[in-house]
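Participant: Just dropping this structure here.
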Amino acid sequence: MLNPIPAKSAPVDRHAFLTVGIEPIHNPAFTEKPQLMIYDGLNRVQLEEFHQWAESLDKNIKGVIKANLNTLIPGLVMEDAPWDIEFKPDYNLQIDISEFKIDVFGNSSLRGSYSISRQDRVIKKYDRYYHLKIPAVSIDALVQSMNANLNAFSRDMAKSLIALKYNR
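So the sequence shown is residues 550 to 717, counted in my numbering.
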């Protein structure tokens, strides 16, 4: 299971008073499967029947991102789309993860993009790529590397939201 960054992690801002509406997160289709999937070649994947996610990976990803943003941006108020008509977010956040994979050689990568919009107008779009190479390949180490990549992606999103708020 992927876990959010520790609650005592240093925030990217002291207290933001920021409201964000989160659109549905687009993930690779395999994230709906319970099994861990490990690439054993460029176009081949092993389904690990004896290594399964505690909850569906797509829901876990969303939960981790939301928890991380709450930790990194104190005072953040988030609501998932479709939000209540009374909720007027400062920004809308659209997240698209196109690659989230590990392989038998110890490579772990996440390729994703996110766009921040206001009143149906995209203000900024970011494309990110994260890669880790673990020296001793094990299931636990591979999952930890996926977690580290997702947490780095979350940190970049938090920094981008704060930068826009303060026009940095």
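For glycine and all other residues, C-beta sits at the position ideal for the given N, C-alpha and C. Only a predicted model underlies this, so the values are computations on that prediction, with no experimental measurement involved.
Starting from residue 695, trace the beta strand (DSSP E) both ways and give me its first and last residue.
Facilitator: Note, residue 695: premise wrong, no beta strand (DSSP E); alpha helix (DSSP H) at 688–714.
Participant: With contact counted as at least three CB pairs below 8 Å, one residue from each stretch, are the stretch 582–593 and the stretch 672–680 in contact?
Facilitator: Touching, no.
Participant: From what residue to what residue does the alpha helix (DSSP H) around residue 610 run?
Facilitator: Unbroken alpha helix (DSSP H) run through residue 610: 606–621.
Participant: Tell me whether residue 718 sits in a helix, a strand or coil according to DSSP, three-state version.
Facilitator: In this structure the chain extends from 550 to 717, so residue 718 is not present and cannot be described.
Participant: Can you tell me the Cα-Cα spacing of residue 553 and residue 604, whole angstroms?
Facilitator: Computed Cα separation, rounded: 14 Å.
Participant: Take residue 668 and list the residues in its own chain whose beta-carbon comes closer than 6 Å to its own, dropping the five residues that flank it on each side.
Facilitator: So no residue of the chain qualifies.
Participant: For the beta strand (DSSP E) containing residue 656, list its first residue and its last residue.
Facilitator: Element bounds for residue 656: 656–667.
Participant: Contact defined as beta carbons within less than 8 Å: I believe residue 640 pairs with residue 659. What is the distance between those atoms, to the nearest angstrom?
Facilitator: Rounded, the Cβ-Cβ distance is 22 Å, inconsistent with contact.
Participant: By the three-class DSSP mapping on this structure, what secondary structure does residue 648 have?
Facilitator: Residue 648: strand per DSSP, three-state reduction.
Participant: Give me the Cβ distance between residue 584 and residue 597, rounded to the nearest whole Å; I'm assuming they're in contact under 8 Å.
Facilitator: Right, the Cβ-Cβ distance comes to about 5 Å (below 8 Å), so this counts as a contact.
Participant: Do residue 703 and residue 617 have their CB atoms nearer than 8 Å?
Facilitator: Yes, Cβ-Cβ distance for residue 703 and residue 617 is below 8 Å.
Participant: Using the beta-carbon count (16 or more within 10 Å), is residue 607 buried or exposed?
Facilitator: By the 10 Å Cβ count, residue 607 comes out buried.
Participant: Output the boundary residues of the beta strand (DSSP E) element that contains residue 673.
Facilitator: Note, residue 673: beta strand (DSSP E), 670–682.
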